[in-house]
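Asker: Sequential numbering from 195 applies to the sequence shown in this note's numbering.
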Amino acid sequence: MKAVVRSEPNAFERILASLHEAALDPARWPRASALIDEAIGTHGNTLACGDGEAEGDYRTNFMWIYHRGQRRRDLERLWLGTHYPRDERIPRLRRLPFYRLSRIADFYTEEERKTSEPYNALRTVAHAGNGIDVRLDGPRGSRILWEINDPLDGDGWSSAQRDWIRRLMPHVRQTVHVQHALARNDALGATLTEMLDRTGLGIVQLDAGGRIVAANDRARDALRTGDGLFDAGGFLLARTPQDNDELQALLGRALPPLGAQGTGGSTIVRRSGALPPLVLHVSPVARREADFPDWQVAALVLLVDPANGAAIDPAVVGEVLDLTGMESRVAVLLARGMSVSQIATTTGRKESTIRSHVKHMFAKHGLSRQAELVRLVRSLAGAPQAGD
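(1) Taking all protein chains shown into account, decide if E341 is buried (16 or more other Cβ within 10 angstroms of its Cβ) or exposed.
(2) Counting only the same chain and skipping the five closest in sequence on each side, list residues whose C-beta sits under 6 Å from that of R572.
(3) With H, G and I counted as helix, E and B as strand and the rest as coil, what does DSSP make of S292?
(4) For D437, count neighbouring C-beta atoms within 10 Å of its own C-beta (all shown protein chains included) and say buried if the count is 16 or more, exposed if not.
(5) Ignore the nearest five residues each way along the sequence and tell me which others in R317's own chain have a CB closer than 7 Å to its CB.
(6) Using only the alpha-carbon positions, how far apart do A538 and E521 sit?
(7) If I follow the unbroken beta strand (DSSP E) through W258, where does it start and stop?
(8) Name the one or two DSSP bridge partners that T236 has.
(9) Excluding sequence positions up to five away, which residues of its chain have a Cβ less than 6 Å from the Cβ of A205?
(10) Whose C-alpha, out of D268, L497, L400, P220, is nearest the C-alpha of V366?
(11) Tell me the start and end of each unbroken beta strand (DSSP E) in the stretch 442-479 that is at least 3 residues and wholly inside, in chain order.
(12) Which class does A242 belong to by DSSP, given the choice of helix, strand or coil?
(13) Thinking T457 and L474 are a contact (beta carbons under 8 Å), I'd like their distance in whole angstroms, please.
(14) Count the other CB atoms, across all protein chains shown, that sit within 10 Å of the CB of E388; report buried if there are 16 or more and exposed otherwise.
(15) Assuming V370 is part of the alpha helix (DSSP H), what are its boundary residues?
(16) Could you check how far apart the C-beta atoms of V407 and Q490 are, in whole angstroms? I think they sit under 8 Å.
(17) Give the single residue among L330, L272, I326, F556 whose Cα lies nearest to the Cα of F292.
(18) Any idea if A493 is buried or exposed, counting beta-carbon neighbours within 10 angstroms, 16 or more meaning buried?
(19) Consult DSSP for Q536 and reduce its assignment to one of helix, strand or coil.
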């Protein structure tokens with residue numbers, strides 16, 4: 195007999211609302227995690243994020259293990275300190291395509307399922323031997339792992355449970371992306387009023403009708419220049435028709451009519467010249483007592499500008515590091531915080547072409563990690579312009 199999942203019409207909306215709250219404040223993740231467990235009918239779930247591709251190159255940025263809303267720090271310490279370095283699953287997991295649901299047991303051979311200490315710990319201590327792993331693309335080229343533990347009834351996965359996981363995947367991903375953007379700018383967990391004092395990224399606050407309620411200085415500067423985004427009678431618009439269609443569709447999903455639960459999402463807005471596109475994260479906002487003076491705020495729009503920071507001249511980068519013109523451009527865009535997919539969109543190239551340029555730069559300088567290349571390029575920030 196398969197596990198029975200929650201079928202209430204508002205169960206999914208409740209989870210979405212809790213994920214949007216967790217996006218703004220990680221202290222609210224336990225509730226979101228517990229609601230997910232309750233809806234799918236599982237022992238718990240794990241959310242982790244890290245970067246790097248090869249063994250010895252991977253770094254875990256965070257790992258949260260929760261069982262029915264209770265954080266298991268003991269399992270986090272056990273896993274990272276003891277089992278992770280020996281887990282046969284890890285190198286195989288790194289090759290897992292994004293958004294594919296894969297049973298944890300299938301990452302191990304039949305013999306490994308008998309002898310592997312990490313797998314035995316997953317099966318007996320973590321209640322995840324029959325769990326499901328999903329990889330999602332994370333911020334700034336990182337990778338997100340969402341692990342859903344064993345079904346409570348121990349009788350395998352029903353199609354309804356798998357459907358729940360697939361529906362929730364993009365929203366779990368969005369939670370991490372928004373958290374990352376806020377954390378990099380010391381705005382994670384801040385009230386709506388406090389966010390307006392942050393200067394590292396643009397923040398626009400919208401009411402339920404999509405009208406701009408408030409914006410911080412960086413956002414106002416971006417809207418004032420009108421390069422990519424602008425304020426049209428109190429509403430947020432993108433300059434090009436294609437970008438504006440995507441933006442308005444995104445805002446429409448975040449601010450649905452009749453009080454329905456909105457959904458978050460992200461898009462890019464292209465700008466003129468050689469400037470990289472703005473990255474926009476849209477997140478619905480639930481009414482909270484702590485933000486009572488700003489109760490009319492129904493959604494946040496985060497404007498992430500990869501071009502922020504000291505100027506880096508591609509010509510200098512090419513000359514000093516012996517790179518081709520295209521390699522220099524890719525290197526500078528990476529240093530500005532853009533992902534490979536965003537660089538491909540900006541330059542009109544395929545992602546495979548961009549990755550090939552990155553590999554060539556690795557080979558030229560004996561590098562193995564993208565972070566090493568970024569540090570090398572950023573060390574040239576503020577250097578005299580080529581020819582000076």
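Here a beta-carbon is modelled for each residue, glycine too, at the ideal position from N, C-alpha and C.
Answerer: Considering the structure as presented:
(1) buried
(2) A529
(3) Checking the sequence shown, residue 292 turns out to be Phe, not Ser. Coil, per DSSP.
(4) buried
(5) G323
(6) 13 Å
(7) 253-261
(8) P345
(9) A233
(10) P220
(11) 459-463, 472-478
(12) strand
(13) Actually they are not in contact, since the Cβ atoms of T457 and L474 sit about 15 Å apart, beyond 8 Å.
(14) exposed
(15) 353-377
(16) 6 Å
(17) L330
(18) buried
(19) helix
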